[in-house]
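Residue numbers are given in this note's numbering: position 30 of the sequence shown equals residue 101, and the series is strictly consecutive.
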Amino acid sequence: MCGIAGIFDANRHPRLSDLQPMVDIIRHRGPDAEGLMESGPLAMGMRRLSIIDLAGGDQPIYNEDKSIAVVFNGEIYNYLELREDLQKRGHRFATNSDTEVLVHLYEEEGPNFLARLNGMFAFALWDSRERKLLIARDRMGVKPLYYARAGRRWFFASELKALLTQKEVDTDLDVDGLANYLRLAAIPREGTPYKGVRRLLPGHYLRISGDHHELRAWWDLAEMDPDQGNGCSDRMRQNLEEEFDDAVRLRMRSDVPVASFLSGGLDSSLVTITAQRESAIPMHTFTLRFEKSEFDEASYARAVAEKTGTNHHEFSVETQDAITHLPLLMWHMDEPMGDSSIIPNYLISKHAAKSVKVCLSGLGGDELFGGYARYVDNGTGRIRRVFSHAPFAARSLAPMMDSWNHPWAEELRMAGNKSDGWRGYVSRMQIFNADGLRSLGFPSAGTTDQVMECLWNRYPGKDSVSQRQFVDQHTYLPDDILALTDRMSMANSLEVRVPFMDYRLVRLSQKLSSAQKQTSKDFKIFLKSALGNRCPPELLTRPKWGFDTPLGRWVGQPNVLAAMKRLPEGVAVKEGLLRASAIRPMVENAESARRSARQLWSLLVLESWLRVRNRMEPPRESLSELLSAN
């Protein structure tokens with residue numbers, strides 16, 4: 072696991088001194104070593120967190136004649152099999168690192184070699200003979216990669232903050248990107264908060280040569296032919312069991328101990344139980360619990376740890392943590408992130424990093440195998456159908472249901488807007504709608520609707536459940552939960568591996584019909600039928616919480632309320648993004664308006680990010696201290 076950065080300019084060759092600030096600012100991603108190289112139009116480098124081939128795996132890594140070089144972030148899990156095949160073809164290896172297979176595969180197949188990789192990765196590969204730079208990202212977007220262009224000069228890096236060290240990069244705020252954040256809690260797809268910076272999409276590569284460049288998808292979920300629901304269920308269950316076991320087995324490959332996050336939910340429990348079978352010694356497992364909260368899953372995690380025989384660690388999250396760490400978390404994210412699970416993700420990574428360098432995670436199981444109520448029309452769907460004939464009544468009743476925190480509120484809003492299809496999906500997900508942004512005085516409604524409609528229409532002919540999952544797999548999964556997991560773990564120099572993101576499991580999940588995955592009353596049906604017998608029985612029937620947080624209670628705390636009182640005089644207002652008269656009533660009613668917790672939190676996050684975004688060092692002050700400054 073590492074962080075990478077680079078500059079390419081065929082006209083004005085970059086120097087290592089230009090590159091050094093980019094590498095320095097992502098030191099937390101790799102505290103063990105640094106590697107830099109300069110070759111004509113390219114300067115690139117990395118920071119290394121040593122996981123495989125501790126002594127010999129320093130980068131850049133080269134092929135035999137050093138005409139090809141690579142800097143790499145992530146892991147190639149099937150590197151041993153690839154290495155054996157390459158050695159049979161006559162390639163000589165200088166290290167035992169997984170990274171080295173990349174340069175030799177490229178010699179054999181060019182960019183097509185990407186299809187042979189099973190892993191999480193973002194890398195830059197330089198072909199000095201062809202004078203071409205290739206940067207690429209893994210299929211599902213587990214590892215991040217950003218790029219920017221200023222005239223003929225290109226920049227790339229694992230974290231956006233590295234690009235901000237370069238004065239040529241356009242760092243004017245992108246109001247569409249920020250509007251999309253206020254809609255969805257995260258900026259989707261290739262968007263960022265800055266006009267001059269883009270995110271390389273999952274499953275894409277960018278090839279640069281002189282004045283030419285090529286941006287291409289090398290893997291596309293929409294082009295898979297899943298043949299939904301036509302396979303033999305018994306055979307598919309066997310396939311799922313075999314491929315899940317192999318996905319976990321491959322992710323246990325390491326020259327340092329591998330631990331596991333254990334929430335007490337089905338996905339992390341399956342990963343932990345299966346991983347412990349592969350381990351010769353008791354693994355470390357880590358669980359976070361919320362003080363005085365209905366979201367405490369610690370007892371379920373304890374049951375799995377006892378059944379499995381892991382060395383279990385339990386930590387508590389108190390309300391004060393919600394306020395103390397937010398400026399630091401926004402600095403590490405590089406963009407506003409309104410998902411409040413960022414806080415427990417950071418804290419559990421911080422605790423785990425005291426003992427280990429690598430943790431497994433159960434992330435992705437919900438998105439692949441049907442783990443969210445928003446994917447299906449539950450009983451309240453009848454409410455939407457009835458009130459769709461009386462939209463005015465629905466619009467009138469929705470605020471009242473909201474004030475009671477009633478689950479019908481969202482269905483009534485959808486009926487009032489006659490929303491279904493992609494509009495229904497957005498209605499379920501959004502924090503503010505377009506009208507809400509306008510009422511705040513925000514200068515843009517963003518491009519959320521266009522993004523979601525485009526993705527929805529790329530998956531035609533499928534049922535609405537499959538379409539919602541498809542959209543999630545291209546937005547919420549890579550741009551929210553995988554993004555914050557990467558930044559919060561790497562902020563603590565910890566590698567997180569996600570077995571459910573193995574492309575074979577993704578492919579298999581596409582073959583399942585919606586009915587095989589979930590109903591309005593039962594989630595992850597097929598996953599439970601194939602693997603559930605490994606878990607304590609109570610895990611299969613317990614309520615689903617996920618990595619939720621008691622956000623309503625957090626927002627109502629005196630220290631958080633005091634911080635929010637400063638929003639009407641904040642940077643967002645001064646920069647013309649928000650209107651003080653619009654947010655003042657929200658802030659003044661915050662204590663009694665817990666139903667607006669997500670909206671209030673998203674504004675607080677935006678303000679925090681705006682105040683730390685230009686810093687070249689991580690902030691040390693709490694949110695209260697940050698917002699107290701003029």
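Ideal Cβ positions, reconstructed from N, Cα and C, are used throughout, including at glycine.
Under DSSP, the beta-bridge partners assigned to residue 225 are 79 and 220. Partner residues in the beta bridge of residue 132, as assigned by DSSP, are 141. In terms of Cβ geometry, residue 337 and residue 588 do not form a close pair [threshold 8 Å]. In the three-state reduction of the DSSP assignment, residue 114 falls in the strand class, which pools E and B. Contact between the segment 401-408 and the segment 380-389 is absent: fewer than 3 CB-CB pairs across the two stretches fall below 8 Å.
In this chain, the alpha helix (DSSP H) harbouring residue 599 covers 596-602.
Contact annotation: residue 350 and residue 323 have beta-carbon atoms nearer than 8 Å. For residue 382, DSSP records a beta bridge to 355.
Residue pairing of residue 331 in beta bridges, as defined by DSSP: 356 and 431.
Boundaries for residue 239: no beta strand (DSSP E) harbours it, and the DSSP string shows neither H nor E there.
By the Cβ test, the segment 314-334 is in contact with the segment 569-584, since at least three Cβ pairs between them sit closer than 8 Å.
Residue 116 and residue 91 have their C-alpha atoms roughly 8 Å apart. The straight-line gap separating the alpha-carbon atoms of residue 271 and residue 528 is approximately 22 Å. One alpha carbon belongs to residue 653, the other to residue 633, and they sit about 18 Å apart.
Shown here, residue 98 sits in a helix according to DSSP, grouped into three states. Closest in alpha carbon position to residue 539, among 428, 444 and 85, is 444. Of the candidates 555, 519 and 534, the residue whose Cα lies closest to the Cα of residue 419 is 555.
In the same chain as residue 510, and ignoring 5 residues on each side of it, the C-beta atoms closer than 8 Å to its own belong to 653, in chain order. At a Cβ-Cβ threshold of 8 Å, residue 219 and residue 234 count as neighbours. One alpha carbon belongs to residue 110, the other to residue 565, and they sit about 31 Å apart. Within the same chain, no residue comes within 6 Å of residue 687 by CB-CB distance, once the 5 residues on both sides are set aside. Between residue 502 and residue 254 the beta-carbon gap is near 7 Å, inside 8 Å, which marks them as a contact. Residue 414: member of the alpha helix (DSSP H) spanning 413-423, first to last residue. Per DSSP, the beta-bridge partners of residue 280 are 283.
Its chain contains 104, 106 and 119 as the residues whose beta carbon lies nearer than 7 Å to that of residue 129, once the 5 sequence neighbours on both sides are disregarded; these appear in chain order. Taking 8 Å as the cut-off, the beta carbon of residue 695 is found closer than this to the beta carbon of residue 630. Looking from the CA of residue 125, the closest CA among 262, 169 and 162 belongs to 169. Nearest neighbour of residue 524 by Cα position, chosen from 648, 245 and 495, turns out to be 495.
Classified as buried, residue 93 has 16 or more neighbouring CB atoms from the shown chains inside 10 Å of its CB. In the three-state scheme derived from DSSP, where H, G and I count as helix and E and B as strand, residue 443 is classed as coil. Restricting attention to 177, 163, 278 and 216, the CA atom closest to the CA of residue 203 is found in 278. Of all C-beta pairs linking the segment 183-192 to the segment 353-360, fewer than three are shorter than 8 Å, placing the two stretches out of contact. Contact check for residue 281 and residue 214: beta-carbon distance about 27 Å, past the 8 Å limit, so the pair fails to qualify. Beta-bridge partners assigned by DSSP to residue 197: 140 and 204. By the neighbour-count criterion, in which 16 or more other beta carbons inside 10 Å mark a residue as buried, residue 283 falls on the exposed side. With respect to the 8 Å criterion, residue 543 and residue 438 are classified as neighbours on the basis of their beta carbons.
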